[in-house]
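**Q**
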Amino acid sequence: MKSKIYYLFLILLFYVTNCFAQNTTIVPYPSTYSSKIGSFTINKLTIIQANDAALQKNIVPYLLKKLQLISGENLPTSTNKKATLHYINIQKTNNKSSQKEGYSLVVTSTGITLSSQTENGLFYAIQSLLQILPTKQNFPIIVNNVYIVDSPRFAYRGMHLDVCRHFFTVAEVKAYIDLLALHKYNTFHWHLTDDQGWRIEIKKYPLLTQIGSCRAQTLVGSYGSNQYDNTPYCGYYTQAQIKEVVAYAKQQYITIIPEIEMPGHALAALASYPYLGCTKGPYKTLQTWGVADDVFCAGNDSTYVFLKNVLEEVISLFPSTYIHIGGDECPKDRWKTCPICQQKIKGLGLKNEQELQSYFVHNIEKILNSKGKKIIGWDEILEGGLAPNATVMSWRGTEGGIVAARQGNDVIMTPGSNCYFDHSQSNTEDSLTIGGYLPLQTVYDYEPIPAALTPTQATHILGAQGNIWTEYIANSAKLYYMALPRVAALAEVLWSNKANKNYDRFTQNLPTLFNRYSALGYNYSKAVYDLKTTVLPNKNNNGVIW
Ligand code: TNX
Numbered sequence: 006m007k008s009k010i011y012y013l014f015l016i017l018l019f020y021v022t023n024c025f026a027q028n029t030t031i032v033p034y035p036s037t038y039s040s041k042i043g044s045f046t047i048n049k050l051t052i053i054q055a056n057d058a059a060l061q062k063n064i065v066p067y068l069l070k071k072l073q074l075i076s077g078e079n080l081p082t083s084t085n086k087k088a089t090l091h092y093i094n095i096q097k098t099n100n101k102s103s104q105k106e107g108y109s110l111v112v113t114s115t116g117i118t119l120s121s122q123t124e125n126g127l128f129y130a131i132q133s134l135l136q137i138l139p140t141k142q143n144f145p146i147i148v149n150n151v152y153i154v155d156s157p158r159f160a161y162r163g164m165h166l167d168v169c170r171h172f173f174t175v176a177e178v179k180a181y182i183d184l185l186a187l188h189k190y191n192t193f194h195w196h197l198t199d200d201q202g203w204r205i206e207i208k209k210y211p212l213l214t215q216i217g218s219c220r221a222q223t224l225v226g227s228y229g230s231n232q233y234d235n236t237p238y239c240g241y242y243t244q245a246q247i248k249e250v251v252a253y254a255k256q257q258y259i260t261i262i263p264e265i266e267m268p269g270h271a272l273a274a275l276a277s278y279p280y281l282g283c284t285k286g287p288y289k290t291l292q293t294w295g296v297a298d299d300v301f302c303a304g305n306d307s308t309y310v311f312l313k314n315v316l317e318e319v320i321s322l323f324p325s326t327y328i329h330i331g332g333d334e335c336p337k338d339r340w341k342t343c344p345i346c347q348q349k350i351k352g353l354g355l356k357n358e359q360e361l362q363s364y365f366v367h368n369i370e371k372i373l374n375s376k377g378k379k380i381i382g383w384d385e386i387l388e389g390g391l392a393p394n395a396t397v398m399s400w401r402g403t404e405g406g407i408v409a410a411r412q413g414n415d416v417i418m419t420p421g422s423n424c425y426f427d428h429s430q431s432n433t434e435d436s437l438t439i440g441g442y443l444p445l446q447t448v449y450d451y452e453p454i455p456a457a458l459t460p461t462q463a464t465h466i467l468g469a470q471g472n473i474w475t476e477y478i479a480n481s482a483k484l485y486y487m488a489l490p491r492v493a494a495l496a497e498v499l500w501s502n503k504a505n506k507n508y509d510r511f512t513q514n515l516p517t518l519f520n521r522y523s524a525l526g527y528n529y530s531k532a533v534y535d536l537k538t539t540v541l542p543n544k545n546n547n548g549v550i551w
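Numbering (my numbering), first residue to last: 6 to 551.
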């Protein structure tokens, strides 16, 4: 018979083990989450096993790398179907009925099991597991027992980044992709061309990067300040770099949707090839913010030839089904006074310049559809008639999304009121921003399905997206100060069940999340608590950013 001391020892051991176990905060909050008594220890005896050879390609190495960072150890792996002792089992299941991106994560005292019918789901299981592991180097690693069954609410979970107003290097873009993966986003909308810079190499049109990737100087301070920094600002990605980033995102189950802006926000292209504008130039890559009057000339057939050639190269680089063609903020002044545009309007029997824009978008849509691609455009593409299978990004409120869904077009919600992370997070913002006020709770409380839609119409709301326009965001420290924790709040909108959303719980968990951001090297805003304690990045770019 075992002595009382032995049992006391066991009880003590149990408590000590649990004391060392980490806080179990997972953002976005899982569909089913219950913590259990006891824990599992990842140590030198732990074997990582996958039941499908294909998992050795990406999933297993990814987990190994992450565990190596935390533990400093290279854990052994095995292809045995199932371990009996001390395992991390990664199982691809045949359960086709469950949600495609869904997964389960079960930690018991003998092992950890991650299962899903897809690699995407297993990847999300890993993300959840990582969020219950320590942030600092630690070995052996104690993991609290837990039972999680989880799947996302929306199929489209996106974050956008504007690399035109300010450029972000390949390494910086990869770090941004890592952040999206951590929060279980599956789409990165890469805004690659605009008035202030053309950022993607197009082999057929080398001047786009030789000229269009640079502006002679940049506005200092707020819009309208009329002060410039007298410093050239350049940057672009080679096609090899684009491929590298696309492959990197794929490893994290993130699709990149490239955006090539048209017919407006095109000044960098016009500066490179002045024949693309109605007045034939000369044009300069824009040095300030806002909307430029010079846009692609819609009456000139060579504009469409140019765009077809550009899009062909873009398609060869991005496997995404969607190509974003912009469509926003296109002044019609030039088209009104351009004889060939007016001729086109008459010749085609169009009513006005609005319909000319619609003709433009339809043309581009035809080109993309013929190559098996679908277009996304900002909600202005609704004006003058919507292209038949276009998806609308509703940014000027939700009205555009409602109209499009009623017409049977797919919609991605991204209203400025809830999804513009270039707006201030605090009423007493300490840094220069584009304006607007978007506190954390307004993001968290966002409901992407408008009440005005019937259940059938609501099926056209694919999801939502947070946008980060970078007029006043010149470096990574400012980027993450603006992004975090709002990216986390939107992740919960997009992933978590409506019934599981709880702003109090979300904010109570923020310190744990902030620790994780710090460990991973991401800045964040503490505006939700106290702005003064936020770590401010160094001033640079002549004070543009702070
Ligand atoms: C509007 S959102 C724009 C961008 C600006 C942004 C600033 C959209 C489709 N167009 O060009 O950067 O506002 O918040």
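Yeah, the Cβ is synthetic: ideal placement off N, Cα and C, and Gly gets one too. Here the structure is a predicted model, which is why all the values come from computation and not from measurement.
Under a three-way DSSP split, which group does H329 fall into?
**A** The answer is strand: DSSP assigns H329 an E or B state.
**Q** Whose C-beta lies closer than 7 angstroms to the C-beta of E177 among residues of the same chain, with five residues either side of it excluded?
**A** S481
**Q** Sorted by chain position, which residues of the same chain lie with C-beta nearer than 7 angstroms to N305's C-beta, five sequence neighbours on each side aside?
**A** I345
**Q** Taking contact to mean 3 or more Cβ pairs, one atom from each stretch, closer than 8 angstroms, check whether the segment 120-138 and the segment 199-215 are in contact.
**A** no
**Q** Work out the CA separation of P139 and N28 for me, nearest whole Å.
**A** At N28, the pLDDT of 40 sits below 50, so the modelled position is not reliable; the number obtained from the coordinates is stated separately. For N28 and P139, the distance between alpha carbons rounds to 8 angstroms.
**Q** Are there any heavy atoms of the ligand TNX lying less than 6 angstroms away from the beta-carbon of W203, as far as the coordinates show?
**A** no
**Q** Nearest-angstrom Cα distance between V111 and V151?
**A** The straight-line gap from Cα to Cα measures roughly 6 angstroms.
**Q** From K209 to Y278, what does the alpha carbon distance come to, in whole angstroms?
**A** If I take the Cα positions, the gap works out to 12 angstroms.
**Q** Does the segment 428-446 come into contact with the segment 454-470, if we say contact requires no fewer than three beta-carbon pairs (one atom in each stretch) closer than 8 angstroms?
**A** As far as the Cβ criterion goes, the segment 428-446 does not touch the segment 454-470, which means the pair count is below three.
**Q** Can you give the Cα-Cα distance for S83 and P237, rounded to whole angstroms?
**A** 54 angstroms
**Q** Quick check: the Cα distance between S40 and T30, rounded to an integer number of angstroms?
**A** 11 angstroms
**Q** Do you know offhand how far Q462's Cα is from S501's?
**A** 21 angstroms
**Q** How big is the Cα-Cα spacing for V315 and S156?
**A** 38 angstroms
**Q** Can you check the segment 92-163 for any beta strand (DSSP E) of at least 3 residues that lies completely inside it and give the ranges in chain order?
**A** 92-97, 108-112, 116-121 and 146-155
**Q** Looking at the strands, I want to know which residues DSSP matches up with Q232.
**A** V225
**Q** Are at least three pairs of beta-carbons, each pair with one atom in the segment 344-360 and one in the segment 397-416, less than 8 angstroms apart?
**A** no
**Q** Is it true that the segment 441-453 meets the segment 182-199, where meeting means three or more beta-carbon pairs spaced less than 8 angstroms apart?
**A** With a cut-off of 8 angstroms, the segment 182-199 and the segment 441-453 do not count as touching, because too few Cβ pairs lie within range.
**Q** For the candidate residues I407, D415, T403 and F173, whose alpha-carbon lies nearest to that of G421?
**A** T403
**Q** Report buried or exposed for D468, applying the criterion of at least 16 other Cβ atoms within 10 angstroms of its Cβ.
**A** What sits at residue 468 in the sequence shown is Gly, not Asp. Burial of G468 is indicated by the presence of at least 16 other C-beta atoms within 10 angstroms of its C-beta.
**Q** Of the choices I320, Q347 and Q122, whose alpha-carbon is the least far from that of K379?
**A** Residue I320 is the option with its Cα nearest to K379.
**Q** Do E497 and P33 come within 7 angstroms of each other at the CB atom, strictly closer than that value?
**A** yes
**Q** Start and end of the alpha helix (DSSP H) containing A1?
**A** Given a span of 6 to 551 for the chain in the structure shown, any question on residue 1 remains unanswerable.
**Q** Just grab the DSSP bridge partners of V397 for me.
**A** Under DSSP, the beta-bridge partners assigned to V397 are G382 and V416.
**Q** Going by the CB atoms, is the gap between V416 and I454 shorter than 7 angstroms?
**A** no
**Q** Quick one: any contact between the segment 225-243 and the segment 265-274, if contact means 3 or more CB pairs under 8 angstroms?
**A** no
**Q** Does the ligand TNX have a heavy atom nearer than 6 angstroms to the CB of D450?
**A** no
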